[in-house]
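Chains as they are written, first to last, in this note's numbering: chain A, 1 to 110; chain B, 111 to 226.
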């Protein structure tokens with residue numbers, strides 16, 4: 001079982017709608033959670049991090065963390081074609097290592 | 111400009127021919143790491159370094175070597191490449207020196223390696 005699981009997608013989202021991405025993790029000792037965006041052929045870039053239960057908002061992005069259920073999600077409001085990318089969820093495990101999920105591909109359709 | 115620079119960006123080589131992928135960062139970061147990215151498997155850590163002369167294995171270290179003689183450089187060495195090492199490789203660095211709170215990882219542009 002992978003440490004961090006994501007639905008590979010593609011997740012097709014109409015322009016202007018909300019994209020909802022989910023991620024689950026297996027290590028209850030995980031403390032820090034990150035969302036990276038990776039455009040095709042490019043390197044990942046950090047868009048959000050969250051450490052505490054609840055919601056964290058940054059512009060059109062909202063990260064949600066539920067440690068009891070071991071999931072973290074990312075909402076993208078007012079989705080734009082420029083949001084089309086693969087979104088990588090990452091979590092630090094009990095050893096402090098950063099574990100990445102395989103990523104969810106998001107396609108925003110005009 | 112703050113950046114992580116990897117070379118080469120693309121390489122096709124043959125089984126057994128030693129190669130080195132260089133990585134250099136100009137941000138004075140303590141933490142550096144190598145990842146490989148394969149379809150369906152995501153990013154997997156090969157090796158990481160928390161400071162000069164301190165390196166440790168990641169999840170998939172077999173077949174790779176690293177060194178950290180200077181803070182800015184963290185080369186990845188494939189002593190005897192095999193076809194299963196065909197992958198997209200990323201070097202990354204971070205200001206924070208502890209893996210528990212890696213903070214933001216800054217990635218290089220990637221090196222696509224093909225081993226025939």
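Glycine is no exception: its CB is placed at the ideal position from the N, C-alpha and C atoms.
Hey, quick one: how far does the beta strand (DSSP E) through residue i stretch, first residue to last?
i, result
"residue 57(A)", "54–58"
"residue 137(B)", "Segment: none, residue 137(B) is in no beta strand (DSSP E) and carries neither H nor E."
"residue 68(A)", "Taken as a continuous stretch (DSSP letters only), residue 68(A) belongs to no beta strand (DSSP E), as it is neither H nor E."
"residue 35(A)", "33–38"
"residue 200(B)", "197–204"
"residue 43(A)", "Where residue 43(A) is concerned, there is no enclosing beta strand (DSSP E), given that its DSSP letter is neither H nor E."
"residue 167(B)", "164–167"
"residue 184(B)", "Here residue 184(B) belongs to no beta strand (DSSP E), and DSSP marks it neither H nor E."
"residue 121(B)", "120–123"
"residue 106(A)", "104–109"
State the DSSP-derived secondary structure class of residue i, mapped to helix, strand or coil.
i, result
"residue 82(A)", "helix"
"residue 113(B)", "coil"
"residue 224(B)", "strand"
"residue 7(A)", "coil"
"residue 128(B)", "coil"
Looking only at its chain, what residues have a beta carbon closer than 7 Å to the beta carbon of residue i, apart from the 5 residues adjacent to it on each side?
i, result
"residue 14(A)", "109"
"residue 71(A)", "22, 23 and 24"
"residue 20(A)", "73 and 75"
"residue 192(B)", "125, 173 and 225"
"residue 134(B)", "115, 182 and 183"
"residue 197(B)", "146, 147, 148 and 223"
Name, in chain order, the residues that DSSP records as bridge partners for residue i.
i, result
"residue 152(B)", "148(B)"
"residue 25(A)", "4(A)"
"residue 175(B)", "187(B)"
"residue 91(A)", "33(A) and 99(A)"
"residue 161(B)", "164(B)"
"residue 74(A)", "21(A) and 63(A)"
"residue 13(A)", "108(A)"
"residue 192(B)", "According to DSSP, residue 192(B) bridges with nothing at all."
Suppose the cutoff is 6 Å on Cβ atoms and the five residues either side in sequence are ignored; what does the same chain contact list for residue i look like?
i, result
"residue 128(B)", "189"
"residue 226(B)", "124"
"residue 175(B)", "187"
"residue 49(A)", "34"
"residue 99(A)", "3, 4, 91 and 93"
"residue 205(B)", "139"
"residue 77(A)", "18 and 60"
Near residue i, what residues of its chain come up, given a Cβ to Cβ distance below 8 Å and the 5 sequence neighbours on each side ignored?
i, result
"residue 228(B)", "Only positions 111 to 226 of chain B appear in the structure, and residue 228(B) is not among them; the question remains open."
"residue 153(B)", "145, 146, 147 and 200"
"residue 54(A)", "64 and 65"
"residue 45(A)", "36, 37 and 38"
"residue 215(B)", "143, 202, 203 and 204"
Return yes when at least one heavy atom of the ligand NAD lies under 7 Å from the C-beta of residue i, else no.
i, result
"residue 181(B)", "The ligand NAD is absent from the structure shown, which contains no ligands of any kind."
Does the pairing of the region 85–101 of chain A with the region 19–38 of chain A give three or more beta-carbon distances under 8 Å? Under the 8 Å Cβ criterion, the region 85–101 of chain A counts as touching the region 19–38 of chain A, having at least three qualifying pairs.
Kindly confirm or deny that the region 37–56 of chain A and the region 79–89 of chain A touch, where touching means at least three C-beta pairs closer than 8 Å. With a cut-off of 8 Å, the region 79–89 of chain A and the region 37–56 of chain A count as touching, because enough Cβ pairs lie within range.
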